[in-house]
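*Asks:* Residue numbers (my numbering): 3 to 131.
Below: one structure in structure tokens.
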């Protein structure tokens, strides 16, 4: 079961990617995928005084750019209940995440030994494929 995590409302974080954004990443660490949403937490509190992150599970349909061998990917999204445009102008065009829908994702992979908890903006999630 996913544990609910709360963070102070500081600034922007769009599709906070793959188990938190890594420190000192390069363009090589970013992959582009077509993926189908298969699992997301239910009944998360909405963003307000706290920024809520949720792990969402995708089935990888196609790797469009970069190198990724897995058939499944776990992606951390900030404020998943909000449309991406309402969340941040550069967060993509998804109005509402729905299990079974396919999306184009730009995913920044997490090095196993480094986590960066700093909020930041990143390229967003594009709507249904």
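Here a beta-carbon is modelled for each residue, glycine too, at the ideal position from N, C-alpha and C.
1) Taking 7 angstroms as the cut-off, decide whether the C-beta atoms of residue 65 and residue 112 are in contact.
2) Decide yes or no for the touch test of the stretch 49–58 against the stretch 71–84: beta carbon pairs closer than 8 angstroms, at least 3 of them.
3) Checking 7 angstroms against the spacing of the C-beta atoms, do residue 162 and residue 67 come in under that value?
4) List the DSSP bridge partners of residue 35.
5) What residue from 50, 47, 89 and 71 has the CA that sits closest to residue 33's CA?
6) Exposed or buried, what is residue 101 when buried is set at 16 or more other beta-carbons lying within 10 Å of its beta-carbon?
*Replies:* For this structure:
1) no
2) yes
3) No statement about residue 162 is possible, as the shown extent of the chain runs from 3 to 131 and does not include it.
4) 65 and 107
5) 71
6) exposed
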